[in-house]
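J.:
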Amino acid sequence: MKHYEVEILDAKTKDKLCFLDKVEPNATIGEIKSMFHKSHPQWYAARQSIRLDPKGKSLKDEDVLQHLPVGTTATFYFRDLGAQISWVTVFLTEYGGPLLLYLMFYFRAPFIYAPKYDFTTSKHWVVHLACMCHSFHYLKRLLETLFVHRFSHGTMPLRNIFKNCTYYWGFAAWMAYYINHPLYTPPTIYGEQQVRIALIIFLFCQVGNFSIHIALRNLRPPGSKTRKIPYPTKNPFTWIFLLVSCPNYTYELGSWFGFTLMTQCLPVAFFTAVGFIQMTVWAKGKHRSYLKEFRDYPPLRSPILPFVL
Amino acid sequence: MSAPAIGTTKTAHSDVAPKKKRGPGALATAYLVIYNVVMTAGWLVIAVGLVRAYLVRGSYHGLYFSIEKPLKFFQTGALLEVIQYISSNVMIMLCSPAPGIVPSSVVLTGFQVLSRVFLTWAVTHSVREVQSEDSVLLFVSAWTITEIIRYSFYTFSLLNHLPYLIKWARYTFFLVLYPMGVTGELLTIYAALPYVQKTGLYSVTLPNKYNFSFDYYTFLILTMVSYIPLFPQLYFHMMRQRKKVLAHVEEYKTE
């Protein structure tokens with residue numbers, strides 16, 4: 001069996017960082033990353049980007065050495081991705097914050113509202129309903145992170161956790177402040193009917209969103225990173241796949257739209273709008289990569305809103 | 001803030017080194033030249049207006065009123081620059097195969113134009129009582145001198161005929177004008193605070209049917225605080241640009 005020699009150069013300075021000899025031809029990039037980590041302990045595998053070309057795309061961990069367009073002495077380029085943090089950690093932190101913060105406002109913890117309101121409860125039943133919905137939503141997200149989602153990347157850059165938490169925690173506090181305020185005004189335009197319809201929309205979209213997450217999970221066998229086109233299943237909530245590439249975002253938008261209607265609160269409307277913009281950007285990206293990867297991708301589908309967007 | 005803001009895409013980036021960039025076409029160039037000439041003229045009108053009013057009155061108090069209208073017109077007109085910059089970047093992004101990244105300088109300089117427009121309309125115009133403050137004259141004069149130099153810089157650059165003096169002035173005057181302008185702006189906002197608090201200007205209180213509130217007084221204080229991280233960034237950015245641009249010219253001189 002002919003062994004390979006592998007040299008790893010810095011992508012920017014072209015310095016020789018590492019030389020590995022007697023590398024098996026069927027070694028994967030992942031294994032090479034572990035070997036590189038041994039000689040440079042500060043660069044754990046998750047923060048290594050290994051490429052064939054200094055400005056090229058990162059190679060995947062599953063790529064096999066002998067199937068790559070390299071000679072028996074392979075030259076790779078290394079780029080440091082910076083400190084990494086696991087997706088699971090980020091999700092748990094960014095979702096745990098809103099759950100707890102909202103409850104603090106709901107129970108009117110001290111130093112938020114005037115002292116005479118500390119630990120009092122609102123007299124409006126829609127405020128109690130909103131708390132249940134908001135808490136349910138983030139509890140669902142936490143449980144999905146732990147038991148449902150299958151992540152294609154293990155980690156993301158560390159700075160993301162600060163950015164993401166600021167967004168989620170900031171908006172949660174801002175919304176919760178007004179909804180649980182002693183001077184909160186319940187929906188006036190259509191009153192009780194509005195709240196009822198809003199609740200139905202919210203619950204419908206929560207179930208829908210969960211159904212999509214389960215459908216996406218089942219596309220991917222445990223431990224794998226394969227990508228397949230999602231199709232409608234027996235669950236009617238997944239039939240939206242006929243019209244949309246990322247129905248999880250569609251349902252998420254619907255949930256927050258319902259919550260806005262339920263609370264009739266402008267900060268909630270802002271949060272919904274900002275989330276909509278971000279999810280549209282993500283949906284368009286995902287839709288584009290589906291089209292690139294699969295020749296037979298269903299042409300009827302739009303990224304996030306049927307026929308529209 | 002009073003620092004030089006963006007102008008044309010070509011000149012904003014080719015200040016430092018000649019780049020093989022596809023510059024704007026003939027029509028776009030003509031538009032930009034006219035735009036920059038008009039803006040130079042406008043700020044000259046403001047400068048002349050200030051000087052004449054000073055000579056007539058014999059004092060520098062209350063000169064704001066003599067140039068209020070052209071100031072509002074030409075400072076607001078600078079918003080066009082943000083649109084110009086964004087649309088030229090959109091053209092580059094649409095024509096190139098890979099999606100482009102908007103440079104951070106757009107964010108920085110777009111923010112500057114917005115803050116100037118904010119000072120002009122949401123503070124000085126909205127709070128009558130500060131219009132006779134001397135701090136207003138401080139930032140108006142700083143803006144006026146800066147803009148005359150900046151717009152003539154862009155005009156000459158577009159015509160490929162930039163006198164070294166203008167380039168030098170653009171990258172040197174800011175050293176004094178920028179702190180001067182910032183001081184005037186901060187003092188003006190500070191002067192407006194008591195009136196805003198008393199009248200509840202631009203503020204929304206609870207209860208209301210949209211369950212929203214906004215306190216303009218607190219917002220102004222936060223704006224003043226934001227100068228602390230932002231002003232040094234912009235100032236040192238200009239100083240770095242100065243080193244690059246003026247040092248580069250010296251290389252040519254020694255040849």
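Residue numbers (the UniProt record's numbering), protein chains in the order written: chain A, 1 to 309; chain B, 1 to 255.
Backbone N, C-alpha and C fix where the C-beta goes; we use that ideal spot for every residue, glycine too.
Relative to the C-alpha of B/TYR154, which candidate in B/TYR235, B/ILE86, B/MET39 has its C-alpha closest?
T.: B/MET39
J.: Is the separation between the beta-carbon of B/VAL117 and that of B/GLN84 shorter than 8 Å?
T.: no
J.: Give the DSSP-derived three-state secondary structure of A/ALA114 in the structure shown.
T.: Coil, per DSSP.
J.: Skipping 5 residues on each side, what residues in its chain have a beta carbon closer than 8 Å to that of A/ARG196?
T.: none
J.: Of all the options B/PHE139, B/LEU80, B/PHE73, B/VAL48, which has the alpha carbon lying nearest to the alpha carbon of B/THR109?
T.: B/LEU80
J.: Please state the DSSP three-state secondary structure of A/TYR231.
T.: coil
J.: I need the DSSP call for A/ARG79, collapsed to helix, strand or coil.
T.: strand
J.: Is there a C-beta anywhere in chain B that falls below 8 Å from the one on A/PRO110?
T.: no
J.: Under a Cβ-count criterion, where at least 16 other Cβ atoms within 10 Å of its own Cβ denotes burial, should A/ILE304 be classed as buried or exposed?
T.: Its Cβ being crowded by 16 or more others within 10 Å, A/ILE304 is buried.
J.: Which chain B residues are close to A/GLN264, counting only those with a beta carbon under 8 Å from its beta carbon?
T.: LYS209, TYR210, ASN211
J.: Count the other CB atoms, across all protein chains shown, that sit within 10 Å of the CB of A/PRO281; report buried if there are 16 or more and exposed otherwise.
T.: Inspection of the sequence shows that residue 281 of chain A is occupied by Val rather than by Pro. So A/VAL281 counts as exposed.
J.: Hey, is A/PRO267's beta-carbon within less than 8 Å of any beta-carbon in chain B?
T.: yes
J.: What do you get for A/PHE19, buried or exposed, if any count of 16 or more other CB atoms within 10 angstroms of its CB means buried?
T.: exposed
J.: Hey, is the region 148-164 of chain B in contact with the region 54-68 of chain B, meaning 3+ C-beta pairs nearer than 8 Å?
T.: no
J.: Pull out every residue of the region 229-246 of chain B whose Cβ sits closer than 8 Å to any Cβ of chain A, in chain order.
T.: none
J.: Starting from B/LEU206, find everything on chain A with Cβ-Cβ shorter than 7 Å and list it in chain order.
T.: HIS181, LEU183
J.: Is there a Cβ of chain B sitting closer than 8 Å to that of A/THR272, yes or no?
T.: no
J.: Quick check for students: name the residue ranges of the beta strand (DSSP E) that lie wholly in the region 75-160 of chain B, counting only runs of 3 or more.
T.: If we require 3 residues or more, the region 75-160 of chain B turns out to have no beta strand (DSSP E) run fully inside it.
J.: Would you give the residue range spanned by the beta strand (DSSP E) that A/VAL244 belongs to?
T.: Where A/VAL244 is concerned, there is no enclosing beta strand (DSSP E), given that its DSSP letter is neither H nor E.
J.: Within a Cβ cutoff of 8 Å, which residues of the same chain sit near B/LEU44, ignoring the five residues on either side of it in sequence?
T.: ILE148
J.: Please state the DSSP three-state secondary structure of A/TYR297.
T.: coil
J.: Over what stretch of residues does the beta strand (DSSP E) that includes A/GLU7 continue unbroken?
T.: Per DSSP, A/GLU7 is one residue of the beta strand (DSSP E) stretching across 4-10.
J.: Between A/THR250 and the rest of its own chain, which residues show a CB-CB distance below 6 Å, the 5 nearest in sequence each way excluded?
T.: VAL244, ILE304
J.: Residues of chain B with CB closer than 7 Å to the CB of A/THR233, please, in chain order.
T.: Residues of chain B whose Cβ lies closer than 7 Å to the Cβ of A/THR233 do not exist; the shortest such Cβ separation is about 34 Å.
J.: Considering only residues of the region 191-216 of chain B, which uninterrupted beta strand (DSSP E) runs meet the minimum length of 3 residues and lie entirely inside it, listed in chain order?
T.: The qualifying runs do not exist here; there are none.
J.: In terms of DSSP beta bridges, what is A/PHE91 paired with?
T.: DSSP output for A/PHE91 lists no bridge partner at all.
J.: Would you please state the rounded distance, in angstroms, between the beta carbons of B/VAL82 and B/VAL113? I believe it to be under 8 Å.
T.: 6 Å
J.: Taking the Cβ atom as the reference point for each residue, do A/THR185 and B/PRO207 lie within a distance shorter than 8 Å?
T.: yes
J.: Residues in its own chain within less than 7 Å of B/ALA53 by CB, not counting five upstream and five downstream?
T.: Within the same chain, B/ALA53 has close Cβ partners LEU63, SER66.
J.: Could you tell me which uninterrupted alpha helix (DSSP H) segments, each at least 4 residues in length, are contained entirely in the region 9-68 of chain A, listed from first to last along the chain?
T.: If you keep only unbroken alpha helix (DSSP H) runs of at least 4 residues inside the region 9-68 of chain A, you get 29-39.
J.: Can you name, in chain order, every residue of its own chain whose Cβ lies under 6 Å from the Cβ of A/MET35, other than the five neighbours on each side?
T.: LEU20
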